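**Student:**
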Amino acid sequence: MAITYRYIGHATHIFEIAGKTVLIDPFFTNNPLAKVKADEVNPHTILITHGHFDHIEDTVEIAKRTKAKVVANNEIINWLRAQGLSEEQTHAQNIGGGYQHIFGNVKLTLAHHSSSLPDGSYGGNPAGILIRAEEKNIYIAGDTALFSDMQLYKVNGVDLFIVPIGDNFTMGPEDALSAVKLLEPKLVIPCHYNTWPAIKQNADVWANRVEREVKHSKVVVLAPGGKLVLP
Ligand code: NI
Ligand code: MN
58 MAITYRYIGH ATHIFEIAGK TVLIDPFFTN NPLAKVKADE VNPHTILITH GHFDHIEDTV
118 EIAKRTKAKV VANNEIINWL RAQGLSEEQT HAQNIGGGYQ HIFGNVKLTL AHHSSSLPDG
178 SYGGNPAGIL IRAEEKNIYI AGDTALFSDM QLYKVNGVDL FIVPIGDNFT MGPEDALSAV
238 KLLEPKLVIP CHYNTWPAIK QNADVWANRV EREVKHSKVV VLAPGGKLVL P
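Heads up: the sequence shown begins at 58 in the working numbering, then just goes up one per residue.
1) Give me every residue whose Cβ sits closer than 7 Å to any heavy atom of ligand 2, in chain order.
2) Reducing DSSP to helix, strand and coil, say where Thr-116 ends up.
3) Under 6 Å Cβ to Cβ from Leu-203, same chain only, skipping five residues before and after it: list those, please.
4) Would the beta-carbon of His-170 be found less than 7 Å away from any heavy atom of ligand 1?
5) Between Asn-213 and Glu-241, what straight-line distance do the alpha-carbon atoms span, to the nearest angstrom?
6) Determine the burial state of Ile-134: buried for a count of at least 16 other Cβ atoms within 10 Å of its Cβ, exposed for fewer.
7) Can you list, in chain order, the stretches of the alpha helix (DSSP H) that have 4 or more residues and sit fully within the stretch 182–255?
8) Reducing DSSP to helix, strand and coil, say where Val-278 ends up.
9) Looking at the unbroken alpha helix (DSSP H) that takes in Ile-74, where does it start and where does it end?
10) With DSSP run on the structure shown, which of helix, strand or coil describes Val-267?
11) I'd like to know whether the C-beta of Pro-175 is nearer than 8 Å to at least one C-beta of chain C.
12) Cα-Cα, which of Val-278, Leu-90, Gly-108, Leu-80 is closest to Gly-177?
13) Check whether the Cβ atoms of Leu-86 and Ala-95 sit closer than 8 Å, and answer yes or no.
14) Please report how far the alpha carbon of Val-288 lies from the alpha carbon of Pro-281, in whole angstroms.
15) Considering only residues of the same chain and omitting the five flanking positions on each side of Leu-142, which have a CB-CB separation below 6 Å?
16) Could you check which residue in Leu-279, Ile-65, Glu-145, Ile-103 has the C-alpha nearest to that of Ala-260?
17) Return the chain-ordered list of same chain residues with a C-beta closer than 6 Å to the C-beta of Tyr-62, the five sequence neighbours on each side being excluded.
18) Might you give, ordered along the chain, the residues of its own chain that have their beta carbon closer than 6 Å to the beta carbon of His-170, omitting 5 neighbours on each side?
19) Quick one: what does DSSP say Ala-168 is sitting in, helix, strand or coil?
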């Protein structure tokens with residue numbers, strides 16, 4: 058079955074995989090880009106890359122309402138349990154570890170960033186996410202700097218690479234281009250830009266440059282709310 062992807066805006070993503078809705082980094086309420094509201098989504102699973110508010114903001118509310126399973130590192134899972142989520146509703150993983158969930162395999166990857174939770178408590182190591190499902194490999198870089206070990210994640214090829222281009226907090230356009238060169242993904246979707254003035258970027262200009270310089274990678278720039286079906 059084809060995988061569908063929807064860009065909510067900033068670093069919030071929704072996949073439909075094998076009939077399940079997978080929500081990544083729920084940030085709706087204070088997300089200037091999101092056209093969708095937190096109470097309009099009904100995920101089966103929520104994946105969290107790190108504890109910053111622009112990645113975790115609406116997690117507790119959505120998880121309580123929908124009973125979605127939440128997957129994150131141990132520190133974030135402990136924090137979510139302290140907010141009232143049950144042990145059964147939460148699943149802790151850690152960097153480098155994969156687990157076969159109902160819709161596909163999820164592995165947390167390295168990400169060079171920081172991670173504290175909205176109340177200031179320690180969020181553990183930040184992560185990226187590798188999803189292997191329906192014979193596709195999806196790599197969501199998360200909030201990260203460029204790092205050369207990223208290329209280890211292309212061992213089975215990368216069908217979709219979701220990469221931050223905003224600069225200031227994460228990779229900017231230059232480093233995101235280098236990341237695409239390392240991974241040679243079939244499809245690239247930029248994110249984590251134009252949310253606030255400090256991360257304003259022209260994604261179309263970036264997309265043209267990537268397609269000029271990286272032969273086999275195609276870039277799709279989606280407006281918030283934009284969707285695509287993985288080829
Ligand atoms: Ni962050
Ligand atoms: Mn962020």
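By construction, the Cβ of each residue, glycine as well, lies at the ideal position given by its N, Cα and C atoms. Just so we're clear, the structure is a prediction, and the values are computed from it rather than from any experiment.
**Tutor:** Quick answer:
1) Here the residues close to ligand 2, judged by CB distance below 7 Å to any of its heavy atoms, are Ala-68, His-109, Asp-111, His-112, Asp-200, Phe-226, Thr-227, His-249 in chain order.
2) DSSP places Thr-116 in helix when its eight states are reduced to three.
3) Result list for Leu-203: Met-228, Asp-232, Ser-235, Ala-236, in chain order.
4) Yes, Cβ of His-170 sits closer than 7 Å to a heavy atom of ligand 1.
5) Rounded to whole angstroms, Asn-213 and Glu-241 show a C-alpha spacing of 11 Å.
6) Label assigned to Ile-134: buried.
7) Listed in chain order, the complete alpha helix (DSSP H) runs (minimum 4 residues) inside the stretch 182–255 are 230–240.
8) Looking at Val-278 - three-state DSSP - the assignment turns out to be coil, as it is neither helix nor strand.
9) Here Ile-74 belongs to no alpha helix (DSSP H); instead the beta strand (DSSP E) covers 69–74.
10) Val-267 sits in a helix when the DSSP states are folded into three classes.
11) Absent from the structure is chain C; it holds one protein chain and no more.
12) The shortest Cα separation from Gly-177 among Val-278, Leu-90, Gly-108, Leu-80 belongs to Gly-108.
13) It should be pointed out that residue 86 corresponds to Thr in this sequence rather than to Leu. Cβ atoms of Thr-86 and Ala-95: closer than 8 Å.
14) According to the sequence provided, residue 288 is Pro. The question's Val does not apply to it. One C-alpha to the other measures close to 20 Å.
15) In the same chain as Leu-142, and ignoring 5 residues on each side of it, the C-beta atoms closer than 6 Å to its own belong to Ala-120, in chain order.
16) The residue from Leu-279, Ile-65, Glu-145, Ile-103 with its alpha-carbon nearest to that of Ala-260 is Leu-279.
17) In chain order, Phe-72, Leu-285 place their CB closer than 6 Å to the CB of Tyr-62, counting only its own chain and leaving out the 5 sequence neighbours on each side.
18) In chain order, Pro-183, Asp-200, Thr-201 place their CB closer than 6 Å to the CB of His-170, counting only its own chain and leaving out the 5 sequence neighbours on each side.
19) In the structure shown, Ala-168 sits in coil (DSSP, three-state: anything other than H, G, I, E or B).
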